[in-house]
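Here is the structure we will look at, set down as structure tokens.
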Amino acid sequence: MSINIAIDGPVASGKGAVTKGLSKKLGIPALDTGAIYRAVTLFLLDNEIDIHDEKKILMSLNKISVRLYLAENHDLRVFTQGQDVTPRIRENRVSLAVPVVAAYVGVRDYVNRQIALVASQGNYILEGRDIGTVVLPNADYKFFLTASLEVRAKRRKADLDAKGEEYSLLEVMAQVKERDEQDMNRAIAPLRQAPDAIYIDNSNLTLEQTIDTLAKYIKL
Ligand code: DC
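Okay, so the sequence shown: first residue is 4 according to our numbering, each after it adds one.
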């Protein structure tokens, strides 16, 4: 029987870093499910497919080949059409377009099939928005990770600064808020806490403290 740990939460809640850290600590590989939505979105942008044209998007899904590889050091590499697109899926233009694409039920079905297949094949820590609520409602452990809007915007700005993408804190805060609204208000699989998920607000916790907090709940 495989063990699945679901970590859901909003943008810049620290899910990515916490999942990676927990993965190293427990020796369980991590799967960033948002990376699949991002890879699909990048494919659409690269191929100039209008992200508001649901019909065209659904027709192009069978042309997209997304492959995920976990490197020895547990880093996830994402390939579309055989090309390594790992850094490109984090560009801000992808971040801004992905909530629109992730709201289509056909896209969600496509991505969920890939996630469920991977998760059934071994122990995984899966991070996303709807892992504990929709994709793996029977996950062994479920966490809902969050932090205040201001803390999340500051983290997001630091990530963007590091990539040389310059925005003011106010602009980033507005972008984070807008993405929260899109993720929480979409009709299909909106971001929300599963009733049986453990809620962790890490606004005042360091990364290490957050990882330790989650790890204490997990009995392998
Ligand atoms: O965590 P992230 O920013 O890389 O996620 C990218 C987008 O994908 C975000 O808009 C939410 C969406 N997403 C989702 O709807 N369901 C998931 N399981 C993971 C991500």
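The beta carbon of each residue, even a glycine, is placed where N, CA and C say it ideally should be.
Consider the C-beta atom of residue i and the heavy atoms of the ligand PLP; say whether any pair is separated by less than 6 Å.
i, result
"Y40", "Among the ligands modelled here, namely the ligand DC, the ligand PLP does not occur."
Return the chain-ordered list of same chain residues with a C-beta closer than 6 Å to the C-beta of residue i, the five sequence neighbours on each side being excluded.
i, result
"P193", "M187"
"D133", "A192"
"I221", "Y144"
Whole angstroms are fine: how far does the CA of residue j sit from the CA of residue i?
i, j, result
"K23", "A100", "25 Å"
"P90", "A20", "16 Å"
"Y170", "V97", "15 Å"
"I67", "E75", "26 Å"
"L224", "L217", "Any answer about residue 224 is impossible in this case: the structure gives the chain only from 4 up to 223."
"D112", "A190", "14 Å"
"M4", "E51", "43 Å"
"A165", "T209", "19 Å"
"T213", "L29", "14 Å"
"F82", "I92", "10 Å"
"L139", "E211", "26 Å"
"G131", "V137", "11 Å"
"K219", "I6", "16 Å"
"L225", "D215", "Given that the chain is displayed from residue 4 to residue 223, the structure contains no residue 225 and the question cannot be resolved."
Which residue's Cα is closest to the Cα of residue i: the options?
i, options, result
"P102", "T213, D215, V14", "V14"
"R41", "A156, S206, E94", "E94"
"L224", "I221, I6, A161, I201", "Outside the modelled stretch of the chain, which goes from 4 to 223, sits residue 224, for which no answer is possible."
"N207", "K58, Q196, L148", "L148"
"R116", "E181, L210, V69", "V69"
"R155", "A190, D133, K222, E181", "E181"
"T36", "S5, E184, T216, A119", "A119"
"L73", "D183, D87, V138", "D87"
"V114", "A38, Q212, I221", "A38"
Using a threshold of 6 Å, is the CB atom of residue i nearer than that to any non-hydrogen atom of the ligand DC?
i, result
"T89", "no"
"P140", "no"
"D162", "no"
"R195", "no"
"D78", "no"
"G136", "Note that residue 136 is Thr in the sequence shown here, rather than Gly. It does not: the Cβ of T136 is nowhere closer than 6 Å to a heavy atom of the ligand DC."
"V14", "yes"
"A105", "yes"
"R132", "yes"
"T216", "no"
"T149", "no"
"G30", "no"
"P102", "yes"
For residue i, which residues from the same chain have a beta carbon less than 7 Å from its beta carbon, with the 5 sequence-adjacent residues on both sides left out?
i, result
"S26", "P32, A33, H77, I128"
"E168", "N95"
"G135", "A9, D11, A142, K145, A197, A200"
"Q84", "S68"
"D204", "T149, A150"
"Y202", "F147, Q196"
Taking 8 Å as the limit between beta carbons, can you name the residues of its chain near residue i, skipping five residues before and five after?
i, result
"R158", "A15, G17, A150"
"V104", "Y40, V43, T44, L47, I54, I60, V110"
"E57", "Y107, G109"
"L152", "M176, V179, K180, D183"
"L79", "A33, L34, D35, A38, L71, Y72, L73, T89"
"Q185", "P102, V103, A106"
"S63", "F46, L47, N50, I52"
(request) Report yes or no: do the segment 175-185 and the segment 120-138 share at least 3 C-beta pairs separated by less than 8 Å? (result) no
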